[in-house]
Amino acid sequence: MKKETHKIPNVDESVCVREQMAAYNCAFAAHINFGDMYKENKDKAMEAILRIYLKAMDDSKVINAETFKKAFNNGIEKYMDNYFIASHYEKVGKAFPIN
């Protein structure tokens, strides 16, 4: 059984874990690649985003795919509406919750 979360060195697990950071990184890439589509047709863009990024993490050896999916699903729409460049782990952890 895979570990549920993976610790980021020197960051408390209650603040942010690798799965949340991966969700943020994918959301950042999704905004770059699908931002215009999202503005025009939110449903179509979300379908493409979820299909590509959730599938990409299914076979990950570095993170837990289920925890990533939870974080990604919890944060992607809000991120696409109000994207940001994260300056600290606390912001990532709050934007892509796993609870």
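For the sequence shown, the working numbering begins at 12 and goes up steadily by one. Every residue gets a Cβ at the ideal spot worked out from N, C-alpha and C, and that includes glycine.
- Annotated three-state conformation of residue 22 is coil, per DSSP.
- Contact check between the segment 27-37 and the segment 60-80: three or more CB pairs, one atom from each, fall below 8 Å, which counts as touching.
- Counting the other CB atoms within 10 Å of its CB gives residue 46 a total below 16, which places it among the exposed residues.
- Nearest to residue 59 by C-alpha distance, out of 25, 18, 48, is 48.
- The continuous alpha helix (DSSP H) containing residue 78 extends over residues 76-92.
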